[in-house]
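To keep things clear, I will list the structure first and then write my remarks on it.
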Amino acid sequence: MTSCEKEEIIFEIDNLNRDMITVLGHGGMGIASTYPMNSFESIANCINLGTDGSEIDIQMTNDGVLVAFHDNDLSTKTDLTGIVNSLTWQQIRNGQYNESPYMTYAIVSLEQLFSNIPDVSSYRFTFDCKLYRETTDNAAYYDQFAEAIIAIVEKYDLQRKICIESADEEFLKVLQTKRSRYKLFIYPKNFEEGLITAKKLGLYGITISTNQISAEEVEIAHNAGLRITVWDAHSEQENYEAVQKNPDFIQTDDVKYLVDLLSATLEETRARNAARLDSIKNKRNLPFDSTSQAKNRYLLISFTFNKFFECLPVSVADGKEGFSRGTGLIGNWYNLYFFFINSLNSIEGDNIRVMDTNKLARW
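In my numbering, the protein residues as written are 447 to 809.
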């Protein structure tokens with residue numbers, strides 16, 4: 447395919463992310479970039495190329511400062527030695543990447559990173575929490591790490607734009623207790639394990655290598671109300687195949703290719719969604735006297751309920767498997783909501799698309 451042909455591709459995306467794929471750089475520009483992963487330069491260039499944002503590997507210093515760094519030991523890629531958590535920020539702040547060809551790039555804290563990105567709250571970020579530590583007091587460490595995340599997220603107004611992933615269930619539980627509305631992802635060894643854990647804890651989604659999940663498994667997760675983030679998309683072919691699986695987020699190592707690949711699809715989806723919204727707005731004040739107008743009124747009601755449930759934590763549900771098992775006041779509201787959705791589905795009329803109730807349940 448030529449580059450011109452790629453721009454004209456329009457994918458039929460079907461996911462829980464408003465049928466769009468959020469494009470995130472993997473540590474910025476990715477593994478094979480001329481910039482070290484998680485450096486300011488890598489993340490800034492990734493954003494400048496038109497991504498929605500970036501995944502960032504984060505670790506915590508001994509004095510509670512969040513640092514963007516991937517590996518277990520600083521000696522693998524920098525002129526420093528030791529675990530990030532064994533040092534203070536003052537001891538780390540002048541460290542430089544020394545792995546060839548990275549000779550002039552500094553290690554950065556999240557504070558330095560976000561304070562130097564204009565309009566930072568307009569971008570999406572995923573924190574991959576690397577919980578490397580020397581302490582054996584896990585409870586205190588998890589609590590301090592969670593509080594550090596909350597502080598930086600709320601300082602830069604990223605509450606609605608941040609996803610947080612970890613392989614550690616206990617750490618996710620700590621975060622969930624402190625901020626039930628945060629979008630939390632389990633980082634499992636395989637899809638089956640991730641599905642069980644995410645449903646058990648009532649998480650937002652699963653982060654997994656694109657090589658470890660199929661399109662059918664993505665659909666299974668979506669039917670359970672769970673978003674999917676995939677990574678390990680290095681080559682153009684791997685990125686193309688990842689898109690065809692309909693994930694909600696892709697952490698790519700080929701930023702420019704994926705942005706270009708999805709550009710036509712993004713424009714088409716935005717135009718379609720805008721047209722639907724205009725259709726609803728234009729008909730909302732008409733008399734309730736036709737099938738078409740009835741459908742539009744039901745759409746307005748479903749939109750209102752959707753916004754209501756968007757503000758509620760998933761944990762209110764019995765069994766934490768989604769609102770479908772809600773009880774008490776929340777359950778009654780949800781049952782009323784589905785009464786309107788089911789009524790809408792039963793009406794025959796114009797061709798306005800009815801959104802899947804599995805999607806609406808977790809939007």
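For each residue, glycine too, the CB sits at the ideal point set by N, CA and C.
Please read all numbers here as calculations on a predicted model, not as lab measurements.
Check: Can you list, in chain order, the stretches of the alpha helix (DSSP H) that have 4 or more residues and sit fully within the stretch 678-719?
Finding: Along the stretch 678-719, the alpha helix (DSSP H) occurs as fully enclosed runs of 4 or more residues at 682-690, listed in sequence order.
Next item on the list: Could you check what DSSP says for T534 in three-state terms: helix, strand or coil?
Entry: Taking the first residue of the sequence shown as 1, we reach residue 534 at position 88. Here T534 sits in coil by DSSP.
Margin query: What would DSSP say about R464, mapped onto helix, strand or coil?
Written below: Position 18 of the sequence shown, counted from the first residue, corresponds to residue 464. In this structure, DSSP gives R464 a state outside helix and strand, which the three-state scheme calls coil.
Notebook entry, point to check: Which residue spans inside the stretch 560-628 form an unbroken beta strand (DSSP E) run of at least 3?
Noted result: 570-575, 608-612
Notebook entry, point to check: To the nearest angstrom, how far is it from the Cα of D440 to the Cα of D706?
Noted result: Here the chain has residues from 447 to 809 only, and residue 440 is not among them.
Checklist line | 3-residue-minimum beta strand (DSSP E) runs that sit fully inside the stretch 637-678, ordered along the chain | finding: 651-655
Check: Got a sec, what are the start and stop residues for the beta strand (DSSP E) A514 sits in?
Finding: The sequence position of residue 514 within the sequence shown is 68, counting from 1. Start and end: 512-514.
Next item on the list: List the whole-angstrom C-beta distance separating T810 from Y633, where the pair is believed to meet the contact cut-off of C-beta under 8 Å.
Entry: Limits of the chain in this structure are 447 at one end and 809 at the other, which puts residue 810 out of reach.
Notebook entry, point to check: What's the gap between the Cα of E811 and the Cα of L704?
Noted result: Past the boundaries of the shown model lies residue 811; the chain is included only from 447 to 809, so the question cannot be answered.
Next item on the list: Using 10 angstroms around the beta-carbon of I459, count the other beta-carbons present and answer buried if the total reaches 16, otherwise exposed.
Entry: Looking up residue 459 in the sequence shown gives position 13. I459 should be labelled buried.
Check: Under the rule that 16 or more other beta-carbon atoms within 10 Å means buried, what is Q622, buried or exposed?
Finding: Here residue 622 corresponds to residue number 176 of the sequence shown, with the count starting at 1. Q622 should be labelled buried.
Checklist line | Stretch-stretch touch, CB-based, cutoff 8 Å, three pairs: the stretch 585-594 with the stretch 499-512 | finding: Output reads yes: the stretch 499-512 touches the stretch 585-594.
Item checked: Backbone CA spacing between P547 and T480 [nearest angstrom] -> As a working note, residue 547 is residue 101 in the sequence shown. As a working note, residue 480 is residue 34 in the sequence shown. Whole-angstrom Cα-Cα distance: 7 Å.
Next item on the list: To the nearest angstrom, report how far apart A717 and L495 are at their CA atoms.
Entry: Stepping through the sequence shown from its first residue, residue 717 is reached at position 271. Stepping through the sequence shown from its first residue, residue 495 is reached at position 49. The straight-line gap from Cα to Cα measures roughly 22 Å.
Checklist line | N- and C-terminal bounds of the alpha helix (DSSP H) containing S488 | finding: Locating residue 488 in the sequence shown gives position 42, counting from the first residue. 486-494 is the span of the alpha helix (DSSP H), which, as asked, contains S488.
Check: Is it buried or exposed for S488, if we count other Cβ within 10 angstroms and need 16 for buried?
Finding: Position 42 of the sequence shown, counting from 1, holds the residue named residue 488. Buried, by the Cβ-count rule.
Next item on the list: List the endpoints of the continuous beta strand (DSSP E) containing Q505.
Entry: By one-based count along the sequence shown, residue 505 stands at place 59. 499-506 is the extent of the beta strand (DSSP E) around Q505.
Notebook entry, point to check: Can G473 and N484 be called in contact, C-beta distance under 8 Å?
Noted result: Stepping through the sequence shown from its first residue, residue 473 is reached at position 27. Stepping through the sequence shown from its first residue, residue 484 is reached at position 38. Contact: yes.
Checklist line | Inter-residue spacing [alpha-carbon to alpha-carbon] between E616 and N531 | finding: Counted from its first residue, the sequence shown places residue 616 at position 170. Counted from its first residue, the sequence shown places residue 531 at position 85. Taking the straight line from one Cα to the other gives about 19 Å.
Margin query: Less than 8 Å between the beta carbons of S709 and W677, yes or no?
Written below: By 1-based counting over the sequence shown, the position of residue 709 is 263. By 1-based counting over the sequence shown, the position of residue 677 is 231. Not in contact: S709 and W677 (Cβ atoms no closer than 8 Å).
Margin query: Tell me the DSSP secondary structure of T522 in three-state form.
Written below: On the sequence shown, position 76 is the one that residue 522 refers to. If DSSP states are grouped into helix, strand and coil, T522 belongs with the helices.
Checklist line | Which of helix, strand or coil DSSP assigns to I726 | finding: The sequence position of residue 726 within the sequence shown is 280, counting from 1. The answer is helix: DSSP assigns I726 an H, G or I state.
Notebook entry, point to check: Under 8 Å between the Cβ atoms of S567 and K523?
Noted result: Taking the sequence shown and counting its residues from 1, the one referred to as residue 567 is at position 121. Taking the sequence shown and counting its residues from 1, the one referred to as residue 523 is at position 77. Not a contact, by the Cβ cut-off of 8 Å.
Next item on the list: Confirm, please, whether the CB-CB distance from I467 to I696 is below 8 Å.
Entry: For the purposes of this step, residue 696 is taken as the residue at position 250 of the sequence shown. For the purposes of this step, residue 467 is taken as the residue at position 21 of the sequence shown. Contact flag set, yes.
Next item on the list: To the nearest angstrom, report how far apart N562 and A552 are at their CA atoms.
Entry: Translated into positions along the sequence shown, residue 562 becomes position 116. Translated into positions along the sequence shown, residue 552 becomes position 106. The straight-line gap from Cα to Cα measures roughly 14 Å.
Checklist line | Residues that DSSP places opposite Q542 in a beta bridge | finding: Residue mapping note: residue 542 aligns to position 96 of the sequence shown, counting from 1. Answer is A552.
Next item on the list: Would you grab the beta carbon distance between L604 and F571 for me? Rounded to a whole angstrom, and I think it's under 8 Å.
Entry: Residue numbering aside, residue 604 sits at position 158 when the sequence shown is read from its first letter. Residue numbering aside, residue 571 sits at position 125 when the sequence shown is read from its first letter. Indeed, because the Cβ distance is near 7 Å, the residues count as touching under 8 Å.
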